[in-house]
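Visitor: Pasting a structure here, questions to come.
Number of protein chains: 6
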Amino acid sequence: MFTHTHALQFEAKPDGPDPDFARKMQEVLGGQWGEMTVATQYLLQGWNCRLPGKYKDMLLAIGTEELAHVEMIVTCIDRLLDHVPLKPDAADRTKEAAAGYGQHNPQHAIANGGGASYMDSMGNPWTGAYVTASGNLYADFSYNATAEMQGRLQVARLWNMTDDPGVKDLLRFLLTRDHMHQQQWLAAMEELKADGLDGIPVPEAFPLDEELPEFAYTFIDASDGPEAANGRWANGPALDGTDNVLRAAPIAATADAPILPPGDPRLYGTPPAPMTGLLQKAKDALK
Amino acid sequence: MFTHTHALQFEAKPDGPDPDFARKMQEVLGGQWGEMTVATQYLLQGWNCRLPGKYKDMLLAIGTEELAHVEMIVTCIDRLLDHVPLKPDAADRTKEAAAGYGQHNPQHAIANGGGASYMDSMGNPWTGAYVTASGNLYADFSYNATAEMQGRLQVARLWNMTDDPGVKDLLRFLLTRDHMHQQQWLAAMEELKADGLDGIPVPEAFPLDEELPEFAYTFIDASDGPEAANGRWANGPALDGTDNVLRAAPIAATADAPILPPGDPRLYGTPPAPMTGLLQKAKDALK
Amino acid sequence: MFTHTHALQFEAKPDGPDPDFARKMQEVLGGQWGEMTVATQYLLQGWNCRLPGKYKDMLLAIGTEELAHVEMIVTCIDRLLDHVPLKPDAADRTKEAAAGYGQHNPQHAIANGGGASYMDSMGNPWTGAYVTASGNLYADFSYNATAEMQGRLQVARLWNMTDDPGVKDLLRFLLTRDHMHQQQWLAAMEELKADGLDGIPVPEAFPLDEELPEFAYTFIDASDGPEAANGRWANGPALDGTDNVLRAAPIAATADAPILPPGDPRLYGTPPAPMTGLLQKAKDALK
Amino acid sequence: MFTHTHALQFEAKPDGPDPDFARKMQEVLGGQWGEMTVATQYLLQGWNCRLPGKYKDMLLAIGTEELAHVEMIVTCIDRLLDHVPLKPDAADRTKEAAAGYGQHNPQHAIANGGGASYMDSMGNPWTGAYVTASGNLYADFSYNATAEMQGRLQVARLWNMTDDPGVKDLLRFLLTRDHMHQQQWLAAMEELKADGLDGIPVPEAFPLDEELPEFAYTFIDASDGPEAANGRWANGPALDGTDNVLRAAPIAATADAPILPPGDPRLYGTPPAPMTGLLQKAKDALK
Amino acid sequence: MFTHTHALQFEAKPDGPDPDFARKMQEVLGGQWGEMTVATQYLLQGWNCRLPGKYKDMLLAIGTEELAHVEMIVTCIDRLLDHVPLKPDAADRTKEAAAGYGQHNPQHAIANGGGASYMDSMGNPWTGAYVTASGNLYADFSYNATAEMQGRLQVARLWNMTDDPGVKDLLRFLLTRDHMHQQQWLAAMEELKADGLDGIPVPEAFPLDEELPEFAYTFIDASDGPEAANGRWANGPALDGTDNVLRAAPIAATADAPILPPGDPRLYGTPPAPMTGLLQKAKDALK
Amino acid sequence: MFTHTHALQFEAKPDGPDPDFARKMQEVLGGQWGEMTVATQYLLQGWNCRLPGKYKDMLLAIGTEELAHVEMIVTCIDRLLDHVPLKPDAADRTKEAAAGYGQHNPQHAIANGGGASYMDSMGNPWTGAYVTASGNLYADFSYNATAEMQGRLQVARLWNMTDDPGVKDLLRFLLTRDHMHQQQWLAAMEELKADGLDGIPVPEAFPLDEELPEFAYTFIDASDGPEAANGRWANGPALDGTDNVLRAAPIAATADAPILPPGDPRLYGTPPAPMTGLLQKAKDALK
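Residue numbers (UniProt numbering), protein chains in the order written: chain A, 1 to 287; chain B, 1 to 287; chain C, 1 to 287; chain D, 1 to 287; chain E, 1 to 287; chain F, 1 to 287.
Okay, structure coming up:
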C-alpha cells in the first residue's frame with residue numbers, strides 16, 4: 001500500500017520551455033531503460049519475491065523511490081512543454097529554431113495537450129514486455145544492474161543535449177542515483193553469493209553433471225576476426241569457481257543436416273510428391 | 001558476410017512429437033530472452049562497435065554461433081510438431097492427453113502448417129525492442145551476461161517440463177553453452193576494466209564532480225520493510241573504487257509541490273478560470 | 001513522492017492454488033481495463049494537471065490507491081501459482097483437471113517462475129497506449145468513468161469463474177471500489193460543469209459558430225435496420241443546453257468523387273500514362 | 001453487407017499540399033481516438049449485440065457513417081501529400097519551411113509513395129487493442145461518448161495548427177459530427193437506463209449485497225493534497241440511486257503484509273535456504 | 001461513402017456452439033492474413049490510388065465486399081460463443097471436452113462477453129502494420145495475390161479442424177471467394193503489364209543502366225546444400241524480358257572489413273584509448 | 001550452422017555523415033519490407049521446409065545472403081551517424097541544415113550512441129509478425145516475390161533522396177539484387193507448377209468440388225465506380241486452368257439479417273428484458 005506527498009524528492013524545474021528536449025527526455029521516462037521500467041520492475045520483483053526479509057524489503061524500498069523519479073521526469077517534461085509550437089511559422093516559435101520545431105513530438109500537443117505520456121523519444125508506448133521478474137534474484141539483480149548502467153548512460157547523453165541549468169540539475173540527480181543504484185545491485189549480487197543462494201552459472205542449482213563438459217569452457221569462434229580469442233574469455237581459469245580452464249575452438253558441426261518428415265496433408269504444405277498423385281490422395285483422405 | 005552449412009552444430013531430434021512442449025519451447029526461440037535476441041543482439045553490437053580488435057571480433061564470433069542455436073531450436077520445434085492435433089477428439093490425439101491439446105498453439109497449425117515461428121510461448125511476436133546495442137560495451141556486456149542468465153534459467157525450467165531424451169539432449173547443450181557464455185561476458189567486463197576502458201559507475205567518463213555527492217552512496221528507504229537496509233548495499237565501502245561508505249536514509253522530499261502554469265488555450269485543456277470568461281477569451285483569441 | 005507499507009489495503013489470499021484462474025486474473029491486472037491502466041493513468045492525469053487544487057489533489061489520491069490494487073492482484077496471482085503444473089501428466093496435477101492445465105499460461109512458469117507479470121489473460125504485455133491524459137479533465141474523467149465500468153464488468157465476470165472463497169473476497173473488494181469510483185468520476189464531471197470549466201460538446205471552448213449547424217443535431221442513418229432512429233438520440237431536445245431538436249436523416253453525399261493528381265515520378269507509383277513514355281521521361285528526369 | 005459510392009459525404013480538399021500537417025492529421029485517422037477506432041468499434045459492437053432492435057440498428061448505422069469519415073481523412077491526407085519533399089535542400093521545398101520538412105513523416109514517401117496509412121502522428125500502427133466491445137451496452141456507450149470527446153478535442157487542436165481553408169472545412173465537419181455523436185451516446189445511455197437495461201454501478205445486475213458496504217461510498221485519500229476531498233465525489237448523496245452518502249477517509253491497511261511460500265525447486269527461483277543444502281536437495285530431487 | 005444492409009452476403013450459422021473453434025477462427029478475422037487485413041488494405045489502396053479508372057474502381061469494389069466477409073466471420077464467431085464455459089468443471093462443459101476448454105480464449109468471456117474481437121488465434125490484436133499500400137499497383141497487387149493465397153490456405157486448414165456443417169458452409173464460401181480473388185489479382189497484374197504501366201523488375205521505371213549488371217542475373221549461393229542451383233532460378237533466360245541468362249555463383253566478398261571511426265565522446269561509447277587518458281579529455285571537453 | 005567473415009559482400013561507405021538519411025535508411029533495414037524481414041523469413045522457410053532438395057537448399061542459400069545485406073546496411077547507417085547533432089544550435093550542425101536536424105532519429109544518439117538499430121524510419125521496432133512461413137511454398141514464394149518488389153521500390157525511392165555517391169553505390173547493389181531476387185521467386189513458382197507441386201488456386205490440393213461454383217469466377221462489384229468490371233479480372237477465361245469464364249455481378253445478400261440469442265447472464269451483457277426482472281433473476285441464479 002502506498003501514500004503520496006505532493007512535494008518532490010528533487011526539484012524538476014527547467015529555466016524555460018523546450019519541446020525539442022521534452023521529446024528527447026521521454027526516452028528516460030517511457031523508453032526501454034526509463035524510469036517506468038525500473039519502478040514497475042523492482043516493485044514486481046519485490047511483490048513476487050518468495051524469500052521474506054532483506055531482499056524483498058530492499059526491492060520494495062527502491063521500487064517506491066523510482067516512482068518518485070517517474071513523477072519528477074513527468075513534471076520536468078510538462079514544464080518543457082509550457083509553450084508548444086503549433087505551426088512552423090515565425091509567430092509560433094518564441095525561442096525555438098526551425099530545427100527544434102521539426103524535432104518535436106506532435107502528440108505532445110494533439111493527444112496530451114502539453115503534457116508528458118508513457119512513450120519513448122520515438123513515440124513507442126512503454127510496454128510491460130520491458131519488465132523481467134524471473135523469480136531468480138541473481139538473474140534479476142544482474143538485469144537491474146544493467147538497467148541502471150543503460151539508464152545512466154542515456155541520462156549522461158541527455159546531459160550533453162541541453163544547456164538549461166534547471167534541466168541539468170534534475171539530470172545531475174538522476175545520474176547520481178543511477179550511480180548509487182549500480183552499486184546497490186552489484187552489492188546485492190555479492191550478498192546473494194555470500195549467503196549461498198546462487199552464483200555462476202545461474203541457476204547454480206541445476207546439476208552441472210547434466211551438462212556436456214566439452215562445451216562448458218570453450219569459446220567457439222565462428223568468424224574470421226583474428227583477435228576474437230585474444231581475451232580473458234578464451235584464456236585463464238574458469239569464472240564459475242571450478243578449476244577448469246577457458247580455451248578457444250573454431251565452430252564445428254556435430255550433427256547431420258536434418259531431414260524432416262512430410263507434413264500432414266490436411267495442412268496443405270508443399271507435398272513430397274507431384275500434386276497429381278497427391279491431389280487424388282488428399283481427396284480420398286478427405287472423403 | 002556469412003556462409004551456411006546444413007549440418008547442425010548439435011543434434012536437435014526429439015524422440016517423438018509433442019505440440020504442447022513445442023509451444024513452450026518457442027519461449028527460448030522467440031521470447032525476450034530467446035536465441036533470436038542474443039543472435040541479433042551480439043551481431044548488432046559487433047557491427048556497431050567503433051573499437052576495432054578483440055571485442056568486435058569476439059562479438060561477431062559469438063553472434064554467429066547463436067544463429068546456429070536459432071536453427072537448432074527451430075528444427076527441434078518442427079519435429080515436435082510432426083503430428084499436430086487438429087481437433088479435440090480421440091482420433092487426433094495419438095499420444096497427447098486432453099491437457100496437451102488444450103495447451104498447444106493453434107497458429108502452429110493454421111499459420112505455420114506444422115512449423116516454428118518467431119514468437120514466444122504466449123504467441124507474442126519477437127520484436128527488435130528486445131535488442132540493446134548502446135555503443136558502450138561495459139553496459140552492453142552486462143546486459144549480455146544477464147541474457148545468458150535469464151536464458152539458462154528458462155532452459156533449466158524447460159528441462160523439468162519434458163521427459164523426451166532427444167529434447168533433453170538439446171537442452172543440455174543449450175544449458176552448457178549458456179554456462180560458458182555467462183563466463184564469457186563476465187570475463188569481457190573484467191577485461192574492459194583492466195584495459196581502462198570503463199568501470200563502475202558506467203559510463204565512467206562522465207565527470208563525478210558533476211554529481212550530487214550526498215545522493216551517491218545512500219540507500220534510500222521508501223518502504224516499511226524492517227530489513228531493507230540490512231544488506232551490503234547499505235553498509236561497507238563503496239563499490240566504485242572510491243573510499244566512500246554506503247549508508248541508508250529514509251526517503252525525503254527536497255523540493256516543493258510543483259505548480260504548473262495554465263496551458264495554451266488553443267489546446268483546450270481545462271482552463272484555470274470559469275468557462276464563461278474563458279469561452280469569450282478563447283473566441284476572441286481565435287477571431 | 002511515495003512511501004510504501006508492506007501491509008495490504010485488503011486481504012488477497014486464495015484458499016488454494018489455481019493456475020487456470022491465475023491466468024484469467026491477469027486480465028484485471030495488465031489488460032486494457034486492468035489496475036495498471038487506472039493506476040498509471042490517474043497519476044499521469046494528476047501530474048499533468050495544470051489546474052491546481054481539488055481536481056489535481058483528487059487524481060493523485062485515487063491514483064495512489066490504485067497502486068495498492070495492483071499490489072493486491074499481483075499477490076493473489078502469486079498465491080494462485082503456488083503449484084504450477086509443469087507437464088500434462090497425472091503426478092503434476094494435484095487438484096487441477098486436464099482442462100485447467102490446458103488453459104494455464106506457460107510463461108507463468110518459464111518466464112516468471114511462479115509469479116505474476118504485466119500482461120493480460122492472452123499474454124499481451126500491458127502498454128502505455130492504454131493510458132489517456134489529454135489535459136482536458138472532462139474528456140478524461142469520462143474515460144475514467146468508462147474504465148471503472150469496464151473494469152467492474154470484468155471483475156463481475158471473474159466472480160462467476162471461481163469458487164475459491166479467498167479469491168471471491170478480493171473480487172468483492174474490487175467490485176465495491178469500482179462501484180465507488182464510477183460515482184466518483186460522474187460526480188467529478190458534474191462538478192466540472194457546475195464550476196463552468198467544461199461541458200457538452202467537449203471541448204466547450206471551441207466556438208460553436210465555426211460548426212456546420214445542419215450536421216450538429218442530425219442522426220445520420222447509413223444502414224437499413226428499421227429501428228435505428230427510434231431512440232432518444234434522434235428525437236427530442238438537444239443534450240448540449242441549446243434549444244435545438246434532434247432528428248434523423250439518411251446518409252447522403254455532398255461532395256464529388258475525389259480525383260487525385262498524378263504522383264511524383266521519383267516515388268515510382270503507378271503512372272497515369274503507359275510506361276513506355278514514362279520510362280523515357282523518368283530516365284530524362286533523373287539524368 | 002456494404003455498398004460504396006465514390007462520392008464523398010463531405011468535401012476533403014486542401015487548398016495546397018502540407019506534408020507537415022499530413023503527418024499531424026494521421027492522429028485522427030489511425031490514432032487511439034481516430035476514425036479507424038470509432039468505425040471498427042461501433043460496427044463490432046453492433047455485430048456482437050445480442051439485443052435485436054434499436055440499439056443494434058443504431059450502432060450499425062453510425063459505424064457505417066464513420067467509414068465515410070475514414071475515407072475523407074485518407075483523401076485529405078493524400079492531397080496534403082501531393083508534393084512530399086525528398087531531401088532537405090532548397091529545390092525540394094516548394095512552400096515548406098525547413099521546420100515543415102523536419103516534422104514530416106518519411107514513411108509517407110518511402111513506404112506509401114505519397115499516400116496515407118493506418119498509423120498515428122508518431123508512426124504507431126493502428127491496433128485492434130484500441131477497440132472495446134464488451135457486450136454491455138452501457139459500459140460501451142460510455143466509452144463511445146469518451147471517444148467522441150477525445151476525438152473532438154484532437155480535431156479542435158488540429159484546427160489551430162493549420163490555416164488552409166480547405167482543411168479547416170473538413171475539420172469543421174468532423175467537429176460538428178463529433179458534437180452530434182457526443183449527444184448521441186449520452187442519449188443512448190439515458191435510454192438504456194429508462195428501458196431498465198442497466199445503470200450505475202455498471203453492471204447493475206451484479207447483486208449489491210455481495211459488496212462490502214463500508215467501501216462503496218468512501219472516497220479514499222492516499223495523498224497529502226489538502227483539497228482532495230473538497231468535491232462532490234466525497235460529499236452529498238450517492239449517485240447510484242441509493243440513499244447512501246458519500247464521505248472521505250484516509251487510506252488504511254486492513255490486511256497483514258503477505259508472506260508467500262517457497263517456490264517449486266524445479267523452477268530455480270531463489271530458495272529459502274542456503275544453496276549448499278538446496279543444491280544437494282535439488283540434485284536429489286532431480287535424480 | 002458506404003451504406004449497410006443487415007442481410008448477410010452469405011449465411012454464417014454454425015449448428016452449435018464451439019468456443020475452441022471460435023478461437024481458431026479469429027485467425028482469419030484478425031490475423032495477419034485475415035479479412036480485416038484485406039478489407040482495409042484494398043480500400044486504402046483504392047483511396048490512395050492516383051490513377052483514376054478501372055484499377056481504382058476495382059479496388060474499392062472488392063474492399064467493400066471484404067467488409068461483408070469481416071461481418072460474416074464476426075457473426076459466426078459470436079454464435080460459436082453462444083455457450084462459453086466459465087470454469088473447468090463438468091457442469092460448464094455442455095458439449096466441450098476438457099481439451100476444448102483448455103484451448104478456448106478467456107478474453108472471449110472476460111473482455112467481450114461472448115463476442116468476437118479484432119485479434120488472431122493467439123490473442124494478438126490486429127494491427128495496421130499488416131497493411132501495405134505503396135502507391136505502386138504492381139507491387140501491391142502481388143501482395144494482394146499473396147494475401148488471398150495465404151488466406152485460402154488458412155481457411156483450408158480450418159476446414160479440417162471442424163465437423164460443424166454450418167461452419168463448413170461459410171468456410172466453403174470463403175474458399176471459393178479466395179479462389180476467385182487469386183485470379184483477380186493475377187489478372188490485374190497481367191493487365192498492368194499489358195497497359196504498359198509496370199513489369200519485372202518492379203518498379204520498371206527505375207533506369208536499369210544504374211544497376212550493376214554482374215549482380216542482376218546471378219543466383220548467389222551462400223550455403224552448402226548441393227541442389228541450391230538446380231532450379232529455374234539459376235538456369236535459363238532471364239524473366240525480365242531481356243536476353244540475359246540466369247546463372248549461379250558462390251557468395252564472395254568484394255569489399256574490405258569495415259573500420260568505423262571512434263564515436264563522439266559526448267555519447268560515452270567505449271573509447272578507442274584507455275579511459276585514463278580519455279577521462280581527462282572528456283572532462284576537459286565538457287568544462 | 002553459419003560462419004562469418006568480416007569482409008563485406010559489397011562496399012557500404014558513404015562519402016560523409018547524414019543523420020537525416022540514416023533515419024530514412026532504417027526503413028530498408030528494420031521496416032516491414034526491410035532486409036531483416038527477408039533474411040529471417042527465407043531462413044525460417046528453409047528450416048521449416050519438409051521437402052528436401054532444391055527448394056530447401058535454395059531458401060537457405062538466399063537467406064544467408066540476405067544476412068550479409070543486413071550487415072551492409074547497418075554499416076552504412078553507422079557511418080551516416082559519424083556525426084549526430086546533439087542540439088539544434090549552429091555549432092552542432094557541421095553540414096546539416098536545420099531541416100536535417102529536425103528529421104533525425106533521437107534514439108540514434110540517446111539509445112544507440114551513434115549506431116543502427118532494428119527499427120523502421122518511424123522508430124517502430126522490427127517484429128517477427130512481418131515473417132510468413134506457411135509451409136506451402138507456392139504461397140510463400142509469392143510473398144517473397146512481393147517482398148522483393150516492395151523492397152526494390154523503397155530502395156528506388158531512397159535513391160532519389162540522397163546525393164551521396166557512396167550511399168548510391170550501395171543502393172545500386174541492393175536494387176540489382178532485388179531485381180535478381182524478383183526473378184528468382186517468380187522462377188521458383190513456375191518450377192513448383194512444373195513439378196506438379198501446387199498451382200492456382202493455392203492450395204491446389206483442396207478439392208474444388210467442395211467449393212460453390214457460382215462464386216468462383218465472378219467479380220463482385222460493391223461500389224459505384226463505373227469501370228470496376230472493365231478489366232481482365234471480370235472478362236475472359238479463368239486463370240486456374242479450367243475452362244470457366246470470368247464475369248461480373250453486383251454484390252447481393254443471400255442470407256437473412258442474423259439474430260443472436262441472448263447472452264449468458266453470468267457475463268452481464270445487456271439483457272433482452274428490462275433489468276427489473278432480470279436483476280431478480282440474476283440474483284436468484286447466483287444464489
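Ideal placement from N, C-alpha and C gives every residue a C-beta, glycine not left out.
Alpha carbon to alpha carbon, what distance is there between alanine 68 of chain F and alanine 12 of chain F?
Guide: When rounded, the distance between both Cα atoms is 11 Å.
Visitor: What residues in its chain sit with their C-beta under 7 Å from that of isoleucine 110 of chain A, if we drop five residues either side in the sequence?
Guide: Around isoleucine 110 of chain A: no qualifying Cβ.
Visitor: How big is the Cα-Cα spacing for valine 74 of chain C and methionine 122 of chain C?
Guide: Between valine 74 of chain C and methionine 122 of chain C, the C-alpha separation is close to 17 Å.
Visitor: When you compare the CB positions of methionine 180 of chain E and phenylalanine 206 of chain F, do they come within less than 8 Å of one another, or not?
Guide: It is not a contact, given that the beta carbons lie outside the stated cut-off.
Visitor: Please list, in chain order, the chain B residues whose beta carbon lies closer than 7 Å to that of arginine 232 of chain D.
Guide: Those within 7 Å of arginine 232 of chain D in chain B number zero; the least Cβ separation is about 16 Å.
Visitor: With distances taken from CA atoms, which of A:Pro271, A:Ala255, A:Asp18 is nearest proline 262 of chain A?
Guide: If we check each option's Cα against that of proline 262 of chain A, A:Pro271 comes out closest.
Visitor: What in chain E is Cβ-close to leucine 80 of chain F, meaning under 7 Å?
Guide: In chain order: nothing, as chain E lies at least about 11 Å away.
Visitor: Kindly indicate which three-state DSSP category serine 121 of chain B falls into: helix, strand or coil?
Guide: It is coil, neither helix nor strand.
Visitor: What does the Cβ neighbour count give for threonine 176 of chain F, buried or exposed, with the cut at 16 atoms within 10 Å?
Guide: Buried.
Visitor: Which partner residues does histidine 4 of chain F have in the DSSP bridge list?
Guide: Paired residues: A:Ser223, B:Phe2.
Visitor: Below 8 Å on the Cβ atoms is my guess for alanine 139 of chain B versus methionine 149 of chain A; work out the distance and round it to an integer in Å.
Guide: Rounded, the Cβ-Cβ distance is 4 Å, consistent with contact.
Visitor: According to the neighbour-count rule (16 or more other Cβ atoms, all chains shown, within 10 Å of its Cβ), is isoleucine 259 of chain C buried or exposed?
Guide: The residue is exposed, with fewer than 16 neighbouring Cβ atoms inside 10 Å.
Visitor: Which residues in chain B sit within 9 Å of phenylalanine 2 of chain F, going by Cβ to Cβ distance?
Guide: Under the 9 Å cutoff, chain B gives Phe2, Thr3, His4, Thr5, Thr64, Glu65, Leu67, Ala68, Glu71.
Visitor: Would you tell me roughly how many angstroms separate the C-alpha atoms of aspartate 198 of chain B and glutamine 182 of chain A, rounded to the nearest one?
Guide: So the alpha carbons of these two residues sit roughly 14 Å apart.
Visitor: Tell me which residues share the same chain as isoleucine 200 of chain A and place their Cβ nearer than 8 Å to its Cβ, disregarding the 5 neighbours each side in the sequence.
Guide: Leu239, Asp240, Gly241, listed in sequence order.
Visitor: At which residue ranges does the segment 158 to 217 of chain C contain complete alpha helix (DSSP H) runs of 4 or more residues, listed in the order of the chain?
Guide: Here the runs fully enclosed are 165 to 194.
Visitor: Please determine if the segment 46 to 63 of chain C and the segment 224 to 240 of chain D are in contact, where contact requires at least 3 C-beta pairs separated by less than 8 Å.
Guide: In short, these stretches touch, since the Cβ pair count reaches three.
Visitor: Decide if the segment 141 to 155 of chain E is in contact with the segment 132 to 147 of chain F; the criterion is three or more beta carbon pairs, one per stretch, under 8 Å apart.
Guide: Yes, they touch.
Visitor: Would proline 19 of chain C pass as a contact of leucine 86 of chain C if the rule is Cβ separation under 8 Å?
Guide: No, the Cβ-Cβ distance between proline 19 of chain C and leucine 86 of chain C is not below 8 Å.
Visitor: Counting along the chain, where does the beta strand (DSSP E) carrying arginine 247 of chain A start and finish?
Guide: It spans 247 to 250 - the beta strand (DSSP E) in which arginine 247 of chain A sits, taken as one unbroken run.
Visitor: Which residues bound the alpha helix (DSSP H) around phenylalanine 21 of chain B?
Guide: Start and end: 19 to 25.
Visitor: How many Å lie between proline 88 of chain F and tyrosine 101 of chain F at the Cα?
Guide: About 7 Å.
Visitor: With burial defined as no fewer than 16 other Cβ atoms inside 10 Å of the residue's Cβ, what is the status of threonine 254 of chain D: buried or exposed?
Guide: The residue in question, threonine 254 of chain D, is exposed, as its Cβ has fewer than 16 Cβ neighbours within 10 Å.
Visitor: CA-CA distance, alanine 248 of chain B and phenylalanine 2 of chain C?
Guide: Their backbone Cα atoms lie some 17 Å apart in a straight line.
Visitor: Quick one: what does DSSP say alanine 255 of chain A is sitting in, helix, strand or coil?
Guide: Looking at alanine 255 of chain A - three-state DSSP - the assignment turns out to be strand.
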